[in-house]
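If you count by the working numbering, then the sequence shown holds residues 87 to 184, one letter each, in order.
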Amino acid sequence: LARLLLRKAASGDYTAAPLKIERNCKCSTRTIRRLLSGVDALIYTKMENTLALTAVHKAHRLAWEKRMVVTPQTDWERIIFFDEKRFNQDGPEGLQSY
Numbered sequence: 087l088a089r090l091l092l093r094k095a096a097s098g099d100y101t102a103a104p105l106k107i108e109r110n111c112k113c114s115t116r117t118i119r120r121l122l123s124g125v126d127a128l129i130y131t132k133m134e135n136t137l138a139l140t141a142v143h144k145a146h147r148l149a150w151e152k153r154m155v156v157t158p159q160t161d162w163e164r165i166i167f168f169d170e171k172r173f174n175q176d177g178p179e180g181l182q183s184y
């Protein structure tokens, strides 16, 4: 079973949960992760936290950006600049003692 899991994990972008479901394992996903982490041939790569943008999404974003472009000398009066820095007088957030 371990060889089958390793072969399947090496063939594509699988995580422990889909491997467990596909191979109908009775072990936990943590056990599968432990097995995969012990193999030097497999390299762990973190998945990106972004959604794939389609051509339609890109077109909508570009249209929004073009609508939001500020024309010089006319709209600068409507723009407000401010400093977002926040200073806590009594220590880091959540560590106040009285």
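No residue lacks a Cβ here, since even glycine has one placed at the ideal position from N, Cα and C. Model, not experiment: these values are computed from the prediction.
Could you pull the start and end residues of the alpha helix (DSSP H) that residue i belongs to?
i, result
"Ser97", "Ala88 to Ser97"
"Thr117", "Thr115 to Ser123"
"Glu151", "Ala141 to Met154"
"Ala102", "Ala102 to Arg109"
Quick check on residue i: buried or exposed, where buried means 16 or more other Cβ atoms within 10 Å of its Cβ?
i, result
"Leu122", "buried"
"Leu87", "exposed"
Starting from the C-beta of residue i, find all residues in its chain whose C-beta is less than 7 Å away, skip the five residues before and the five after it, and write them out in chain order.
i, result
"Thr115", "Ala102, Ala103 and Lys106"
"Tyr100", "Lys94"
"Val125", "Leu92"
Our contact map puts residue i next to residue j with C-beta atoms below 8 Å; I'd like the distance itself, whole angstroms only.
i, j, result
"Leu128", "Ala96", "6 Å"
Can you find the residues in the same chain that come closer than 8 Å, C-beta to C-beta, to residue i, ignoring five residues on each side of it along the sequence?
i, result
"Ile118", "Leu91, Ala102, Leu105, Lys106 and Cys111"
"Arg109", "Leu87, Leu90, Leu91 and Lys94"
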